[in-house]
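What follows is one structure encoded as structure tokens, with my remarks underneath.
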Amino acid sequence: MIRKLNFTGRKKIPLNRTLVTLLNTEEYPLSFDIQIDFSDFSLPKEALVYVEAYKRSSYMRFNYGTVGNLNIPPNRDLTDIEAGTTPLFRVKVVDKSAQQGKIIAIADKIHPKGIENTNRDNINLLYVEFSEDLGDQVWKLDLTGDWPAIQVNNQMSSIKEIAKSDEAFIALVYPEIVRQILNEIVESDQLDPEIDEDEWYSLWINFVSSLPGVGSPPTGRDANIKNDQKDWIESAVRGFCDKWHLLDKFQKLHAEEQG
Amino acid sequence: MMVKGEMNADPIESEFFSIEHLDSIADALVRECIQNSLDAGLPGETVRVAFRLFTEKLERNGIMAQYLKGLHPHLTAEQNGLIKAPSFDTPESFLVIEDYGTRGLEGDPNQDDDFQVTTNGNMKNDFFYFWRNIGRSKKSDTDRGRWGLGKTVFQATSRINTYFGVTVRQSDRKSMLLGQSVLKTHLVNGNKHSPYGWYGNFNEHFALPVEDQSYLEDFSKNFGLKRRGETGLSIIIPYPDLSVEVKTLLSSALLHYFFPILSKDLVVELNKDGKQLIIDEKKIDQLLKHVDFSKSRMTREAFQNLFSFTRWVHAQSQSDMIEISSPSATSAPKWGGNLIEPETLSKLRDQFDKKERIAVRVPLTIRPKDKTPQKTYFDIFIERDDQLDRAEDHFVREGITIAGVSSLKQKGIRAVISIKDKALSALLGDSENPAHTEWQERSPKFKNQYTYGVSFLRFVKNSPRELIKILSKPSLGIDKNLLEDFFSITPPKSKGSTSSTGQKNSFPDDMIGSTKEFHLLRKQGGFILRKNPKATSMPKGVHLTVAYEIRGRDPFKKYSLFDFEMNKAPIKIIEKGATVKAVKENQMIAQLFSHDFKLEVEGFDLNRDLRVKIAEIEGK
């Protein structure tokens, strides 16, 4: 079991209270606009508001005034963010009444131009990132960010359609995605299936545990645990393939092309 | 009759006529007739082309013998090139093609040389180039047909390789009749005859048209011509190929000329033995029911959707077009996102994503060799159709569809590429094959005529494919929902988490997690671990790992000695019913020996959130 203790009393600002729009998307550097709705949060009016843009190791912070008086900085160029990438954003509300500033509210992992659709019942477990940085690679799994994402090569026309519905791509890539993600979870010892919507590990464990013939991951400290976990990962990959009948689809596709 | 020593050569013009992209001779006939008529169109008038097929025995029986009597010995000569000429005793059939709204075959019928200037100083002589010339068209650079070979389809359509032509000219309103038969070199009564035979009046061996009004009236009546003084050209084809039927003519007219029909520049009439079909902008859709789609490249639905789309195309005015940038005028043109302003590109991509129709104007500057560069343009129209299981693109040069040109690969996309401007039309026309179905880079009329000519050709030909690539290239960024079908989960209601308004959910305030064996509770600056009251057994021990929360990172991997050490102040461990066996850095192992054990750990920084990992140690 892994649990968080919120000593700080920090409030989580839902993503649907924010809207980030990227500007100059065909040029470098990018710039952005953000709208923030603090109503009903009972935050001190004099608390400071900061907006941060980040992508992997690159990061920029912008001073947005206070909760009671938001002040948009004129220069919002994302000069320190890696070129060719799309940053995420976070909003921090900081109480500086004490000697040391304290984050009293935060919205994190804000994707630009995407209002979090809170009407959706489901949580999506794998994002797709269109990247120019893959060289000759078609795809790559990125687990360095806040949420698992498959990077696909933006240089390939129709890659969006391919990632969504090409049966060859689905059959050959997505089982391996499942394997890589579960390997990461096991290696990070993040096998607690108790749901925490902020943590993708637990969501993924619940997702694969519900696949045909898979079940909960083995945990414990006995000598065979590593082998048991490897077996569990392979059963999850098989379960995913079974659920989507990937072999049948791939065979059919191949037969059609040869015919 | 040939004279001794004259070169023996059989006509080969029909060999230039590739029907690779055409379904049949009827297809070639429709293309050629209507193309010629559109070229001869009078300004401001709708061109009308009527195809009338006569097959039934009517009171006209015997007219073939009447008008072809002199031809008969040649039709029956050996090695004349005919496979099996129909006898004049067989039921007579003929095809009449009449156009209206056109100027007719202008020019001096006495001219016998393409460098001869006529009495009115006009070098352009339709009459000469239609009747007396093969393969050396003097149509203007921008006319749709420029090879001078197209008219060979008339003789090719006739099973006796023969046709007549009656024209009424706009300039002088004169009517003229001439006929031609094209066979191979052959012998009649021991005399060698050249391939070309004529029907008309003769000045020695030079065939001149019949202009006698009374004769022409009889001729018109006998062959059912409807022209009553209107200017234009009527072609009469005796014994047409059996594949020439109303259905094949209809299918060809719809496929090759939907564009000018829907723009109301063209009306086609089909008639067989008095039964008539009119193909105009209003009726074109309902005529699809007469088409045999089993032999067509397109389905009925595809035609309907194409017509609907083309109506929209014709409704776009210049102000509706989105104009992109012209490629550089000093180098070979190339497609790329740089041709479209970012804001325009964003707008186009948005339209494309929403499956809205798109109209783009592409300006160009072409460079004919030894002439001033010319500004020109062409238009690309795109729509997405999910019902299309293939790509569909139509290149239309001044109303005629170039059937063999295609570059679009993406399924579900329909594109019409319209070239109306004369300068670009001339460049493309120069590259076309005689049947006007392909653009050929090595065409002798095209090669070396333009600087970067081949690049311009490819630029236009590849335009729909390249534009779709640019529009469908996804913007950089993240799509969170693309794979929701494969990778999503409906979470159960979470326990003990902070809700969106900052209020805690209704769970016991201090309980933050539980397993079968344990309950984990919060306390000021720390936590308490105790047995789950519902647990029926108790593990041997427990392994605790603690770390401060770090956003976006695994906190346990990011633990630092500078954060805290569990065996050092300010961290304090209080055990009851348990014995701490090992403590180091951020980890602790405790042995549990009582069911009411309680482990309390406190002293953590209240300004930081904490993460706790609890693992049971097996054994009794």
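Going line by line, the protein sequences match chains B and Y. The number in our numbering is simply the position in the first sequence, starting from 1, with 16 added. The number in our numbering is simply the position in the second sequence, starting from 1, with 22 added. Virtual Cβ for every residue (Gly too), placed ideally from N, Cα, C.
Which residues DSSP lists as bridging residue i, in chain order
i, result
"Y/M533", "Y/L543"
"B/T34", "B/I52"
"Y/Q396", "Y/I388"
"B/M76", "B/A69"
"Y/A351", "Bridge partners of Y/A351: none, in fact."
"Y/L367", "In the DSSP output, where bridge partners are listed per residue, Y/L367 has none listed."
"Y/H565", "Y/I611, Y/A637"
"Y/L299", "Y/L292"
"Y/Q202", "Y/Y185, Y/W220"
"Y/E345", "Y/R383"
"Y/G359", "Bridge partners of Y/G359: none, in fact."
Test item: CB-CB of residue i and residue j under 8 Å
i, j, result
"Y/T321", "Y/F315", "yes"
"B/N138", "Y/I511", "yes"
"Y/L238", "Y/L199", "yes"
"Y/I119", "Y/F73", "yes"
"Y/V204", "Y/H96", "no"
"B/A99", "B/Y44", "yes"
"Y/V52", "Y/A351", "no"
"Y/F76", "Y/S46", "no"
"Y/G222", "Y/P231", "yes"
"Y/V188", "Y/S256", "yes"
"B/Y217", "B/I201", "yes"
"B/V65", "B/F48", "no"
"B/S232", "B/S225", "yes"
"Y/I388", "Y/F478", "yes"
"B/K176", "B/Q167", "no"
"Y/F626", "Y/F586", "yes"
"B/V107", "B/I52", "yes"
"Y/P260", "Y/L90", "yes"
"Y/M588", "Y/Q609", "yes"
"Y/S265", "Y/A48", "yes"
"B/E148", "B/D158", "no"
When the options are compared against residue i, the one with the closest alpha-carbon
i, options, result
"Y/G254", "Y/P364, Y/A178, Y/T68", "Y/T68"
"Y/V634", "Y/F615, Y/H565, Y/L64, Y/K620", "Y/H565"
"Y/D287", "Y/L449, Y/D148, Y/D130, Y/D121", "Y/D121"
"Y/P390", "Y/T473, Y/S339, Y/T398", "Y/T473"
"Y/P282", "Y/N608, Y/R419, Y/S582", "Y/R419"
"Y/Q133", "Y/D452, Y/Q57, Y/A229", "Y/A229"
"B/G117", "B/E62, B/S226, B/I178", "B/E62"
"Y/C55", "Y/L64, Y/R70, Y/G66", "Y/R70"
"Y/Q235", "Y/F224, Y/A604, Y/R250", "Y/R250"
"Y/H17", "Y/Y89, Y/V384, Y/Q432, Y/I439", "Residue 17 of chain Y is absent from the model: chain Y starts at 23 and stops at 642."
"Y/I327", "Y/L277, Y/G296, Y/I300, Y/P349", "Here residue 327 of chain Y is Asn; the residue named in the question, Ile, does not match the sequence. The option with the nearest alpha carbon to Y/N327 is Y/L277."
"Y/D401", "Y/V384, Y/E414, Y/P577", "Y/V384"
"B/W248", "B/P60, B/W260, B/A239, B/T235", "B/T235"
"Y/G499", "B/I126, B/H261, B/E250", "B/I126"
"Y/T124", "Y/D148, Y/G103, Y/L117", "Y/D148"
"B/D205", "Y/I639, Y/L271, Y/L628, Y/F578", "Y/F578"
"Y/L309", "Y/D295, Y/F325, Y/R319", "Y/F325"
"Y/N455", "Y/A425, Y/S348, Y/P496", "Y/A425"
"Y/P65", "Y/A48, Y/T98, Y/Q192, Y/Y89", "Y/Q192"
"B/H270", "B/P164, B/P228, B/L188", "B/L188"
"B/Y143", "B/T160, B/S251, B/D152, B/F78", "B/T160"
"Y/R379", "Y/L299, Y/I404, Y/E233", "Y/I404"
"B/P128", "B/K20, B/D244, B/I18, B/L31", "B/L31"
"Y/G126", "Y/K606, Y/F152, Y/S559", "Y/F152"
"B/N169", "Y/A600, Y/P496, Y/F584", "Y/P496"
"Y/L628", "B/R26, B/R19, B/I18, B/K180", "B/R26"
"Y/I639", "Y/M560, Y/F584, Y/I301", "Y/M560"
8 Å Cβ cutoff, residue i in contact with chain D
i, result
"Y/E571", "Of the protein chains in this structure, namely B and Y, none is chain D."
Count the C-beta pairs between the segment 85-104 of chain B and the segment 67-74 of chain B that are closer than 8 Å, then say yes if the count reaches three, no if not. Enough Cβ pairs lie closer than 8 Å, so yes.
Any contact of the segment 358-373 of chain Y with the segment 485-495 of chain Y, i.e. 3+ C-beta pairs under 8 Å? Yes, they touch.
Any 3 or more C-beta pairs closer than 8 Å across the segment 622-634 of chain Y and the segment 589-596 of chain Y: A contact between stretches requires three or more CB pairs, one per stretch, nearer than 8 Å, and the segment 622-634 of chain Y meets this requirement with the segment 589-596 of chain Y.
Contact between the segment 457-464 of chain Y and the segment 496-510 of chain Y: three or more CB pairs below 8 Å? Proximity of the segment 457-464 of chain Y to the segment 496-510 of chain Y falls short of the contact definition, fewer than three beta-carbon pairs being nearer than 8 Å.
Complete beta strand (DSSP E) runs within the segment 222-286 of chain Y (minimum length 3 residues, chain order): With a minimum length of 3 residues, the continuous beta strand (DSSP E) runs that stay inside the segment 222-286 of chain Y are 223-225, 228-230, 254-260.
Identify every run of the beta strand (DSSP E) within the segment 60-106 of chain Y, keeping only runs that are complete inside it and at least 3 residues long; order them along the chain. If one requires a minimum length of 3 residues, the beta strand (DSSP E) runs lying completely within the segment 60-106 of chain Y are 69-76, in chain order.
Minimum length 4: unbroken alpha helix (DSSP H) runs contained in the segment 449-524 of chain Y: Segments of the alpha helix (DSSP H) lying fully in the segment 449-524 of chain Y: 475-483, 485-494.
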